[in-house]
Every structure is written in structure tokens, then in C-alpha cells.
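When you line the sequence shown up against full-length UniProt numbering, it's residues 1 to 333, in that order.
One structure is given below, encoded as C-alpha cells.
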Amino acid sequence: MLPALSGLLRPVPAAAQAPATDSPLPSWNDGAAKQAILDFVRATTDQSSQNYVRPEERIATFDQDGTLWVEHPMYSQVVYCLERVPAVVAKRPELRNAEPFKTVLSGNRAAMAKLSMKDLEKILAATLTGMSVDEFNAEAVKWLETARHPRWQRPYTDLVYQPMLEVLRHLRDNGYKTYIVTGGGQDFVRIYSERVYGIPPEQVVGTAGATKYGYAKDGKPFLTKEPKLLLNDNDAGKPEGIHLMIGRRPLAAFGNSNGDREMLEWTDAGAGARLKMLVMHDDATREYAYGPAAGLPDTKVGALTAALYGEAKKDGWPVISMKNDWKRIFAFE
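This is the structure we're talking about:
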């Protein structure tokens with residue numbers, strides 16, 4: 001957590017702490033997925049094991065959206081950007097009648113659902129750049145305090161998966177460094193990563209833009225967020241970002257969608273014991289059901305295709321079924 005913001009973002013102790021129990025994964029049902037995690041950790045940390053790994057090499061990476069917290073019906077950072085449009089237009093009135101800003105201001109959800117990727121890129125550029133890093137952080141914290149998910153009417157930071165928090169904790173208890181490797185904005189995720197996941201901001205790798213160094217009127221230096229992309233941390237950008245920011249190949253990697261495929265493949269290609277896992281959203285009652293793998297409904301947000309599902313099955317990557325493997329999904333249940 002950034003020190004200047006640590007007192008602003010409300011704590012979520014129920015989500016951040018696993019319940020007291022002898023089992024390291026109390027929110028998991030017994031089964032192949034749970035056992036794969038326990039066996040992997042035991043094999044790589046037991047000095048008598050042929051797969052023992054020195055503590056300094058114990059790296060585990062996690063996608064965020066759809067792997068650690070809810071990503072439907074829309075990525076939380078995209079929601080943030082859409083809700084920031086009115087404030088941006090107030091400062092830049094020339095955007096009021098320009099698309100896609102005009103559509104967003106109309107409030108027409110059906111029209112907004114048809115926005116193209118280029119439209120979203122324009123919105124993200126307008127709402128995530130042109131301010132100092134400190135100003136961005138403060139605005140994002142305010143939004144996280146007040147924004148509510150449309151289904152549960154709870155803060156987005158409450159909608160983290162308790163079983164995955166337990167995996168993070170179990171790995172760290174056994175000497176692993178845990179990293180978030182996300183297609184989401186690096187600066188956005190760093191604001192809450194330590195409070196919500198126990199992952200400090202320096203262990204967050206995400207899509208990153210340039211910053212520019214400058215001086216305020218009082219002579220104090222500051223960084224301005226610039227509309228220049230430095231790292232697109234999706235697809236092949238994930239292993240590239242891991243190499244750039246972490247410098248070690250992960251021993252374990254967790255994802256849920258096609259955007260995580262290359263990270264899992266990169267992890268799998270290393271020598272020795274490796275753990276590669278996919279979270280499958282197959283529980284419409286407690287969360288959402290989407291694929292289109294395994295006959296689940298298709299989606300534009302976090303798609304797990306039949307091709308990736310087949311690759312996982314062929315290569316022996318355990319697939320986590322929310323419906324069958326998790327006793328509960330959220331800490332507040």
C-alpha cells in the first residue's frame with residue numbers, strides 16, 4: 001500500500017485473513033485441484049524432495065481479474081474510467097459532443113455496450129492520464145471507497161475470492177513471493193494490492209504507461225501520467241512483463257482466461273516442478289458462469305476458450321471449478 005493512502009482505503013479484514021483452522025486451504029473442497037496445490041508446495045519446500053527449490057527462487061504469479069476477484073459484468077477499472085468521464089469532460093468541454101464521450105454521458109447502457117476497443121482506449125487515455133500520480137491515486141481511492149458492484153452492492157475490494165486468498169497465504173507461509181501479473185492498470189492495482197491481497201505494490205506487474213518528471217510551482221518534484229503505453233501486460237505481454245519486472249520465471253502461475261495462456265506456458269516451460277492452474281467460472285448461482293469452454297456461455301470479458309481448456313487438459317494443468325472445488329467464494333458468505 002502506498003504510505004500516503006494507507007489511511008484512506010478502508011480495511012477489509014474479513015477478506016484479507018483466512019479463518020483459524022489446521023487446514024491451509026479451509027475454503028476448498030477435497031479434490032484434485034486442492035491436492036495439486038498442497039503437493040506442489042510440499043514438493044518444492046521439503047529439503048528431502050528432488051523438486052526442492054531454494055527460497056529465493058520461489059516465485060508465484062497470479063492474474064487478478066477473474067482469478068483473484070470478480071471481473072463480471074465489466075472489469076472494475078473500466079467501470080472506474082466510465083464513471084470518471086463526466087469529471088474529465090467538465091475540465092475539457094470540447095469532449096462533450098465528441099465520441100465516445102457523448103455516448104458515455106448519455107447513460108445509455110446499450111449504446112455503451114457497443115463501444116469498440118478503440119473507443120475504450122480513448123476513454124482510458126482521457127481518464128487515466130494528464131494528472132499527477134498523486135492526483136490519480138487520490139481519485140482512485142475515493143472511487144474504491146464509494147463504488148459498489150451492481151449485483152452484490154458491495155465494494156469491489158470485498159469481491160475477492162477467499163479460496164485464492166488462502167492459496168496466496170499458504171504460498172507465502174512456505175517462503176514464496178507472490179506477484180500479481182495483470183492486464184489491468186499497474187498504478188490502479190497497486191493502490192489496494194497490499195491491503196486486499198497482502199501483495200505490496202512493488203510486486204504488482206500490470207499494463208503501464210509512461211510518466212514525466214516535473215516541478216510544481218513550489219519547486220517540489222512530481223510525476224505526470226502520460227498517454228504513452230510502456231507495457232501491455234496481456235497475452236505475450238505477461239511473460240515479457242515478468243522477465244522485465246521480476247527477472248525470474250515463476251514456479252507457479254494462476255489465471256482464468258486466454259489472456260493468461262502465455263504466462264502459464266512460460267511457467268510450464270521451466271525445469272523442475274511447476275504448477276499451472278486455471279480458474280473456471282462455472283457457478284452462476286454464487287458468482288457467474290462463462291467460458292465458452294466446457295459448454296459454458298460465451299463472453300467478451302475473461303473468455304476461457306475451448307482451445308485453452310483443451311491445452312490445459314492435454315498438458316496436465318489443473319482446472320479449478322468454482323462450483324465443485326470451492327466451499328465458499330467470498331469471505332462474507
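Built from N, CA and C at the ideal position, the CB exists for glycine as well.
So who's on the other strand from residue i, going by DSSP bridges?
{"i": "Pro292", "result": "Leu304"}
{"i": "Ser321", "result": "Met280"}
{"i": "Leu244", "result": "According to DSSP, Leu244 bridges with nothing at all."}
{"i": "Phe222", "result": "Gly214"}
{"i": "Trp266", "result": "Bridge partners of Trp266: none, in fact."}
{"i": "Ile59", "result": "Lys177"}
{"i": "Leu95", "result": "None, per the DSSP bridge assignment."}
{"i": "Met208", "result": "Per the sequence presented here, residue 208 reads as Ala, with Met not at that position. Answer is Leu231, bridged to Ala208."}
{"i": "Asp65", "result": "Trp69"}
{"i": "residue 334", "result": "Nothing can be reported for residue 334: it is not among the residues displayed for the chain, which extend from 1 to 333."}
{"i": "Leu275", "result": "Ala252"}
Where does residue i land, buried or exposed, given buried means 16+ other C-beta within 10 angstroms?
{"i": "Pro3", "result": "Residue placement at Pro3 cannot be trusted, given a pLDDT of 35 that sits under 50; the coordinates are not used to answer."}
{"i": "Gly310", "result": "exposed"}
{"i": "Glu121", "result": "exposed"}
{"i": "Gln153", "result": "exposed"}
{"i": "Ser6", "result": "Interpretation of Ser6 is limited by its pLDDT of 36, a score under 50 that renders its predicted location unreliable; no figure is taken from the coordinates."}
{"i": "Leu159", "result": "buried"}
{"i": "Ala293", "result": "buried"}
{"i": "Gly117", "result": "Before going on, a small fix: residue 117 reads as Met here, not Gly. The residue in question, Met117, is exposed, as its Cβ has fewer than 16 Cβ neighbours within 10 Å."}
{"i": "Gly31", "result": "exposed"}
{"i": "Leu229", "result": "exposed"}
{"i": "Gly295", "result": "exposed"}
{"i": "Lys300", "result": "exposed"}
Could you give the distance in angstroms between the alpha-carbon of residue i and the alpha-carbon of residue j?
{"i": "Leu313", "j": "Thr178", "result": "According to the sequence provided, residue 313 is Lys. The question's Leu does not apply to it. Answer to the nearest angstrom: the Cα atoms are 25 Å apart."}
{"i": "Pro73", "j": "Gln47", "result": "45 Å"}
{"i": "Asn256", "j": "Phe222", "result": "37 Å"}
{"i": "Ala18", "j": "Phe332", "result": "Confidence is the limiting factor: at Ala18 the pLDDT is only 46, short of 50, which leaves the residue's position unreliable and the question unanswerable from this model."}
{"i": "Trp317", "j": "Leu278", "result": "7 Å"}
{"i": "Glu94", "j": "Gln77", "result": "24 Å"}
{"i": "Val141", "j": "Ile191", "result": "7 Å"}
{"i": "Pro163", "j": "Phe101", "result": "39 Å"}
{"i": "Asn97", "j": "Val85", "result": "12 Å"}
{"i": "Tyr75", "j": "Ala138", "result": "20 Å"}
{"i": "Glu265", "j": "Phe254", "result": "11 Å"}
{"i": "Val133", "j": "Thr103", "result": "28 Å"}
{"i": "Ala125", "j": "Arg42", "result": "45 Å"}
{"i": "Arg54", "j": "Tyr176", "result": "10 Å"}
{"i": "Asp235", "j": "Gly209", "result": "17 Å"}
{"i": "Asp119", "j": "Ala113", "result": "11 Å"}
{"i": "Glu71", "j": "Ser23", "result": "28 Å"}
{"i": "Ile242", "j": "Glu83", "result": "31 Å"}
{"i": "Gly214", "j": "Thr224", "result": "8 Å"}
{"i": "residue 339", "j": "Ala147", "result": "Within the shown structure, residues of the chain are numbered from 1 to 333, placing residue 339 beyond reach of any answer."}
{"i": "Trp326", "j": "Val89", "result": "44 Å"}
{"i": "Ala306", "j": "Met263", "result": "18 Å"}
{"i": "Leu251", "j": "Ile320", "result": "18 Å"}
Over what stretch of residues does the beta strand (DSSP E) that includes residue i continue unbroken?
{"i": "Lys118", "result": "It is not in any beta strand (DSSP E) - Lys118 instead sits in the alpha helix (DSSP H) that spans Met117 to Leu128."}
{"i": "Phe254", "result": "Ala252 to Gly255"}
If I follow the unbroken alpha helix (DSSP H) through residue i, where does it start and stop?
{"i": "Val167", "result": "Gln162 to Asp173"}
{"i": "residue 335", "result": "For the chain, the structure presents residues 1 to 333; residue 335 sits outside this window and is missing."}
{"i": "Val141", "result": "Val133 to Thr146"}
{"i": "Arg42", "result": "Ala32 to Thr45"}
{"i": "residue 357", "result": "The structure shown has nothing for residue 357, since the chain only spans 1 to 333."}
{"i": "Asp22", "result": "Neither: Asp22 is in no alpha helix (DSSP H) and is coded neither H nor E."}
{"i": "Gln186", "result": "Gln186 to Tyr197"}
{"i": "Ala110", "result": "Arg109 to Ala113"}
Using a Cβ-based criterion (distance less than 7 Å to any ligand heavy atom), does residue i qualify as near the ligand FMN?
{"i": "Ala306", "result": "Here there are no bound small molecules, and the ligand FMN is not part of this structure."}
Say whether the region 283–291 touches the region 231–251, bearing in mind that this needs 3 or more beta-carbon pairs closer than 8 Å, one atom from each stretch. no
At least three beta-carbon pairs within less than 8 Å, the region 263–282 to the region 39–59: yes
Does the contact criterion of 3 or more C-beta pairs under 8 Å hold for the region 186–202 versus the region 107–124? no
Tell me whether the region 52–62 and the region 169–185 touch, counting them as touching only if at least three CB pairs, one residue from each stretch, are closer than 8 Å. yes
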